[in-house]
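**Student:**
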Ligand SMILES: [Zn+2]
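Residue numbers (the numbering used here): 644 to 800.
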């Protein structure tokens, strides 16, 4: 069950059973993971004027302190590794010559963003718990909202 927090404009879970390890319990509202869900309100598609209005609601996924720490530690470590790898690729490319240095920007950016996400999920799964987004996708309240037209991604303009 969920209650709507009017001052923070978010859905807060009333249950505390951790959605990530299924053994722990959430002891504090701020330990929960709030996944933002979006819904388009209306879409105006005129040739020169195009705008999208959307609503956003953060939905709280019950999470215990231990899972929160695993998620946060994995995110930090993954970013450090991704930044390190991206810099290494850039340094190697620039050592070849300037042109390669510029070409190398593309794989570096890919490693920076893709690598961070990849290592983050890997570190979380290695600890035997569910990743932030997979846990959110398994949440019943989130599934109900998705069925009624809400989405994990911001509608594009
Ligand atoms: Zn947990």
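All C-beta atoms in this analysis are idealised placements derived from N, C-alpha and C, irrespective of residue type, glycine included.
1. With three or more C-beta pairs closer than 8 Å as the rule, is the stretch 750 to 757 touching the stretch 719 to 734?
2. What residues in its chain sit with their C-beta under 6 Å from that of residue 659, if we drop five residues either side in the sequence?
3. So residue 707 and residue 661 are in contact, right, with Cβ under 8 Å, and what is the actual spacing, rounded?
4. Does the beta-carbon of residue 667, which I'm using as the reference point, lie nearer than 6 Å to any heavy atom of ligand 1?
5. Rounded to a whole number of angstroms, what is the C-alpha to C-alpha distance between residue 786 and residue 780?
6. Taking a contact to mean a Cβ-Cβ separation below 7 Å, would you say residue 763 touches residue 717 in this structure?
7. Please go through the same chain and pick out, in chain order, the residues whose beta-carbon is closer than 8 Å to the beta-carbon of residue 784, but skip the five residues on each side of it.
8. Report all residues from its chain with a CB closer than 6 Å to the CB of residue 788; omit the five preceding and five following residues, and keep chain order.
9. Indicate whether residue 677 and residue 775 have their beta-carbon atoms separated by less than 7 Å.
10. Ignore the nearest five residues each way along the sequence and tell me which others in residue 652's own chain have a CB closer than 6 Å to its CB.
11. In angstroms, rounded to a whole number, what distance separates the CA positions of residue 710 and residue 741?
12. Using DSSP with H/G/I as helix, E/B as strand and the rest coil, what is residue 749?
13. Within 10 Å of its beta-carbon, does residue 769 have 16 or more other beta-carbons around it, so buried, or fewer, so exposed?
14. Mind checking which residues open and close the beta strand (DSSP E) that includes residue 654?
15. For residue 683, list the residues DSSP reports as bridge partners.
**Tutor:** Taking the definition as stated:
1. Counting Cβ pairs under 8 Å, three or more are found: they touch.
2. Within the chain shown, numbered from 1, the residue matching residue 659 stands at position 16. If we look at residue 659 and ignore the five residues flanking it on each side, its Cβ neighbours are 668, 669, 705.
3. Position 64 of the chain shown, counted from the start, is the residue given in the question as residue 707. Position 18 of the chain shown, counted from the start, is the residue given in the question as residue 661. Between residue 707 and residue 661 a beta carbon distance of about 4 Å is seen, short of the 8 Å cut, so the two are scored as contacting.
4. In the chain shown, counting from the first residue as 1, residue 667 sits at position 24. In this structure, residue 667 has its beta carbon less than 6 Å from a heavy atom of ligand 1.
5. Start at 1 with the first residue of the chain shown, and residue 786 comes out as number 143. Start at 1 with the first residue of the chain shown, and residue 780 comes out as number 137. The alpha-carbon atoms of residue 786 and residue 780 are separated by roughly 7 Å.
6. As a first step, residue 763 is located in the chain shown; it is residue number 120 there, counting from the start. As a first step, residue 717 is located in the chain shown; it is residue number 74 there, counting from the start. Yes, they are a contact pair.
7. On the chain shown, position 141 is the one that residue 784 refers to. Non-local beta-carbon contacts of residue 784 in its own chain, meaning distances under 8 Å to residues more than five positions away in sequence, involve 645, 654, 656, 702 in chain order.
8. On the chain shown, residue 788 is found 145 positions in, with the first residue counted as 1. Once the five neighbours on either side are set aside, the close Cβ partners of residue 788 are 680.
9. As a first step, residue 677 must be located in the chain shown, where it is residue number 34. As a first step, residue 775 must be located in the chain shown, where it is residue number 132. Residue 677 places its beta carbon 7 Å or farther from that of residue 775.
10. Position 9 of the chain shown, counted from the first residue, corresponds to residue 652. Its chain contains no residue whose beta carbon lies nearer than 6 Å to that of residue 652 once the 5 sequence neighbours on both sides are disregarded.
11. Here residue 710 corresponds to residue number 67 of the chain shown, with the count starting at 1. Here residue 741 corresponds to residue number 98 of the chain shown, with the count starting at 1. Computed Cα separation, rounded: 44 Å.
12. Taking the first residue of the chain shown as 1, we reach residue 749 at position 106. The DSSP-derived three-state label of residue 749 is helix.
13. Locating residue 769 in the chain shown gives position 126, counting from the first residue. It counts as exposed.
14. The residue you call residue 654 lines up with position 11 of the chain shown. It spans 653 to 656 - the beta strand (DSSP E) in which residue 654 sits, taken as one unbroken run.
15. Reading the chain shown from its first residue, position 40 is the one you call residue 683. Answer by DSSP bridge pairing, in chain order: 697.
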